[in-house]
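This report concerns only the one structure given below.
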Amino acid sequence: MPSCAFRVPNRVRSARVPWMLLAFLLTLSQVVAPASVLAQSAPRCAFEASYPIGTVLELEATPHLWISASGGAPRWAGDTRALAGVAVRWDSRCIMDLAFLLRMTKGDPYLSAGLVKLGEPIYLAKWETNEAEPILLHVQSITDVELFGINVGNYTGFVLERDEWQRRFGFNTDTLRRGQLAQVAPPGTRASPPPGPPPPRPAPVPAAPAPRYPLVDPPTDDVGSWCLRANPSCSRDPWWVEWNELQSSELVEYRFAPGLVSERRLIEAILLLWQWPEGKDLLRDGGASGVIIITVSADILPESFASYNSALKRIRVSRRFSETPTWMLADVLAHELKHASDDRGGLYETLTFAGCITTEQRAYAVEARYLRWIQSRFRRPPDSQPDRNQAQLGGL
Ligand SMILES: [Zn+2]
Numbered sequence: 002m003p004s005c006a007f008r009v010p011n012r013v014r015s016a017r018v019p020w021m022l023l024a025f026l027l028t029l030s031q032v033v034a035p036a037s038v039l040a041q042s043a044p045r046c047a048f049e050a051s052y053p054i055g056t057v058l059e060l061e062a063t064p065h066l067w068i069s070a071s072g073g074a075p076r077w078a079g080d081t082r083a084l085a086g087v088a089v090r091w092d093s094r095c096i097m098d099l100a101f102l103l104r105m106t107k108g109d110p111y112l113s114a115g116l117v118k119l120g121e122p123i124y125l126a127k128w129e130t131n132e133a134e135p136i137l138l139h140v141q142s143i144t145d146v147e148l149f150g151i152n153v154g155n156y157t158g159f160v161l162e163r164d165e166w167q168r169r170f171g172f173n174t175d176t177l178r179r180g181q182l183a184q185v186a187p188p189g190t191r192a193s194p195p196p197g198p199p200p201p202r203p204a205p206v207p208a209a210p211a212p213r214y215p216l217v218d219p220p221t222d223d224v225g226s227w228c229l230r231a232n233p234s235c236s237r238d239p240w241w242v243e244w245n246e247l248q249s250s251e252l253v254e255y256r257f258a259p260g261l262v263s264e265r266r267l268i269e270a271i272l273l274l275w276q277w278p279e280g281k282d283l284l285r286d287g288g289a290s291g292v293i294i295i296t297v298s299a300d301i302l303p304e305s306f307a308s309y310n311s312a313l314k315r316i317r318v319s320r321r322f323s324e325t326p327t328w329m330l331a332d333v334l335a336h337e338l339k340h341a342s343d344d345r346g347g348l349y350e351t352l353t354f355a356g357c358i359t360t361e362q363r364a365y366a367v368e369a370r371y372l373r374w375i376q377s378r379f380r381r382p383p384d385s386q387p388d389r390n391q392a393q394l395g396g397l
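If you read the sequence shown in my numbering, its first letter stands for residue 2, the second for the next number, and so on.
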């Protein structure tokens, strides 16, 4: 589970975010003067120049900022909460005009609560670190949405329908404050390449790559068995002892989380996670990022059960741990899938101490919620006598 390198080089450690300045910049309203004092002091951005990671690219005459990131493509900063743990280099800034932004390759935006679609209009759920709840800011055009780095490939990960957004973030959109988000591009501007139409929702995802491995179906419902019929443990053991004796390294994909790949031995843990509402989101996010979950020998992960590698989008589970009860394995997968989900949302950070702590806290919070769910589902904790009616799992 530990994923962070706690020995942080001085160069990185010194690049922590000056929160007050950041909060100030990101909360600038549209009444800001076209050329702020900050803007006057920074040079123009240039494609020929090379900028350190964390460089702030300011769109002139707007409050909009992009931050250069490790993948090379700068990422739009949606709010301060999303930048928790991101190393922002306020000593390295440049000003760009719209023409520059249109040409620039953009990475996934840094968003804390994403964008929410209320009918046709799309709103940024801008949630500052010093605010108890987000404010909904109307995004002026689909071109602006695209200039924030949202495209056909990542749209469903960042733009949520009202119900899904409310469920995920726990706010009622009708009670949140609203406003207008500063325009990025004037009407009629065409981003390049042209903005793709938002994919229909709900609908099967046509853009999903064709499966490369055998497809696993979801469990028949969210309360039944996750256990594979061929696994002898299913009919023999109570739920908290049950483990997958079918230890196969063969890879499979999941019909319900397109793009997610795992070894066959992890199927039961993934089916169990799918029965948990938050687990569904984690698995879908993992699929959208193309996460692959494999097991590795204990020598490779001598001190942890599992790890997430953001460069490879890979979760590795120690084989020493893969024969433990399914509910425990699902707990570990939930932790690592949260890292993958945060990575997708631009929140995964292991380069700074603060970012690493935040990342781990979020993953452990997921585990805590999962454990509460599993406990409420079976009513009794795993260390007490089982409910006889629920002791045997049967099999799918
Ligand atoms: Zn972790």
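Ideal Cβ positions, reconstructed from N, Cα and C, are used throughout, including at glycine. These figures come from a predicted structure and were not determined experimentally.
Any non-hydrogen atom of ligand 1 closer than 7 Å to residue i Cβ
{"i": "residue 331", "result": "no"}
{"i": "residue 341", "result": "no"}
{"i": "residue 364", "result": "yes"}
{"i": "residue 139", "result": "no"}
{"i": "residue 336", "result": "yes"}
{"i": "residue 304", "result": "no"}
{"i": "residue 134", "result": "no"}
{"i": "residue 361", "result": "yes"}
Assigned secondary structure, residue i (DSSP; H/G/I helix, E/B strand, else coil)
{"i": "residue 377", "result": "helix"}
{"i": "residue 214", "result": "coil"}
{"i": "residue 357", "result": "helix"}
{"i": "residue 254", "result": "strand"}
{"i": "residue 284", "result": "helix"}
{"i": "residue 204", "result": "Note that residue 204 scores 42 on pLDDT, short of 50, meaning its location in the model is unreliable; the coordinates nonetheless yield the value given after this. Coil."}
{"i": "residue 316", "result": "strand"}
{"i": "residue 12", "result": "Only weak support is given to the placement of residue 12: the predicted model assigns it a pLDDT of 31, under 50, and the value that follows is read from those uncertain coordinates. In this structure, residue 12 counts as helix in the three-state DSSP scheme."}
{"i": "residue 52", "result": "coil"}
{"i": "residue 236", "result": "helix"}
{"i": "residue 367", "result": "helix"}
{"i": "residue 273", "result": "helix"}
{"i": "residue 224", "result": "coil"}
{"i": "residue 301", "result": "coil"}
{"i": "residue 266", "result": "helix"}
{"i": "residue 324", "result": "coil"}
{"i": "residue 61", "result": "coil"}
{"i": "residue 372", "result": "helix"}
{"i": "residue 38", "result": "Confidence in residue 38 is poor, its pLDDT being 42 and thus under 50, which makes the residue's placement too unreliable to answer from."}
{"i": "residue 47", "result": "coil"}
Span of the alpha helix (DSSP H) around residue i
{"i": "residue 327", "result": "327-345"}
Continuous beta strand (DSSP E) stretch holding residue i: start and end
{"i": "residue 118", "result": "116-118"}
{"i": "residue 307", "result": "307-310"}
{"i": "residue 246", "result": "Element bounds for residue 246: n/a, residue is neither H nor E."}
Beta carbon proximity, residue i to chain B, threshold 8 Å
{"i": "residue 169", "result": "As a matter of chain content, chain B is missing from the structure shown, which is built from one protein chain."}
*Can you give, in chain order, each stretch of the alpha helix (DSSP H) that sits fully within the region 142-196 and has at least 4 residues?*
As for any alpha helix (DSSP H) of minimum length 4 sitting wholly inside the region 142-196, the runs are 143-148, 156-159 and 163-170, ordered along the chain.
*Please go through the region 69-144 and give each complete beta strand (DSSP E) segment of 3 or more residues, from N-terminal end onward.*
Along the length of the region 69-144, whole beta strand (DSSP E) runs at least 3 residues long occupy 90-97, 116-118, 123-127 and 136-139, reported in chain order.
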